[in-house]
Amino acid sequence: MDKLISNNKSTFIKGQMLIDGVLTVNEVVDLAKKAKRRCLIFKVDFEKAYDSVNWGFLEYMLRRFGFGELWISWIRACVCAGNLSVLVNGSPTKEVNISKGLKQGDPLAPFLFLMVVEGLGSVMARAVALGIFKPFKVSSSGVVVSHLQYADDTLLI
-11 MDKLISNNKS TFIKGQMLID GVLTVNEVVD LAKKAKRRCL IFKVDFEKAY
39 DSVNWGFLEY MLRRFGFGEL WISWIRACVC AGNLSVLVNG SPTKEVNISK
89 GLKQGDPLAP FLFLMVVEGL GSVMARAVAL GIFKPFKVSS SGVVVSHLQY
139 ADDTLLI
């Protein structure tokens, strides 16, 4: 996964810890205060993140990452298969076909979700490259921070 996903994520990636993102944001805020520089941090929280994943977009991202059709069909079989019914007073309701989302507790779900939110990361990187979004410069060597992502939270900096 660490070869597929950009290094601005701090969950589910080997060698990354949740605290990494928190420390980075803390350093950005501290640097901005000390240097009297303006900095805006905008937090985006994906509501019902796993439930809202569009399967078509997931497949698009899998193709962008270079997954072959066989792998995509296997992932589709794991993710898209299944129906849902709810127990009401101990009796199951009529089954409903699931048409989007990732299943909570599915071992693939965190990794697939990371691939989906990498789409936003790619858009942010492109916006920086085109000069549409100005990232925060953290060093004189040109290191910048434009966004950080942790599971279903994204910070635009």
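Mapping the sequence shown onto my numbering, position 120 (from 1) lands on 108, and the numbers just tick up by one. The beta carbon of each residue, even a glycine, is placed where N, CA and C say it ideally should be.
field: Extent of the continuous alpha helix (DSSP H) run through residue 99
entry: 97 to 117
- prompt: Straight-line CA distance for residue 118 to residue 111?
  reply: 10 Å
field: Sequence ranges, beta strand (DSSP E) only - wholly within the segment 28 to 101, length at least 3
entry: 30 to 33
- prompt: Grouping DSSP H, G and I as helix and E and B as strand, with all else coil, what is residue 22?
  reply: helix
Cβ-Cβ separation, residue 16 to residue 145 (assumed contact under 8 Å), whole Å: 6 Å
- prompt: DSSP puts residue 136 in a beta bridge; with which residues?
  reply: 143
task: Excluding the 5 residues preceding and the 5 following residue 116 in the sequence, name in chain order all residues of the same chain whose CB lies nearer than 6 Å to its CB.
output: 123 and 134
query: Of the residues 30, 34, 21 and 93, which one's Cα is nearest the Cα of residue 139?
result: 34
field: Alpha-carbon spacing of residue 18 relative to residue 27, whole angstroms
entry: 11 Å
query: Are there three or more Cβ pairs, one per stretch, closer than 8 Å when the segment 46 to 58 is compared with the segment 100 to 107?
result: As far as the Cβ criterion goes, the segment 46 to 58 touches the segment 100 to 107, which means the pair count is three or higher.
message: What does the alpha-carbon distance come out to for the pair residue 48 and residue 67?
response: Looking at the two C-alpha atoms, the distance is approximately 15 Å.
- request: Give every residue of the same chain whose Cβ lies closer than 6 Å to the Cβ of residue 83, excluding the five residues on either side of it in the sequence, and list them in chain order.
  value: 71 and 73
- prompt: Since residue 148 and residue 126 are thought to touch, with beta carbons under 8 Å apart, how far apart are those beta carbons, to the nearest angstrom?
  reply: Shown here, the chain extends from -11 to 145; a query on residue 148 therefore has no answer.
- prompt: Between 43, 132, 114 and 102, which lies nearest to residue 142 when the distance is taken from Cα to Cα?
  reply: For the residues 43, 132, 114 and 102, the minimum Cα distance to residue 142 belongs to 102.
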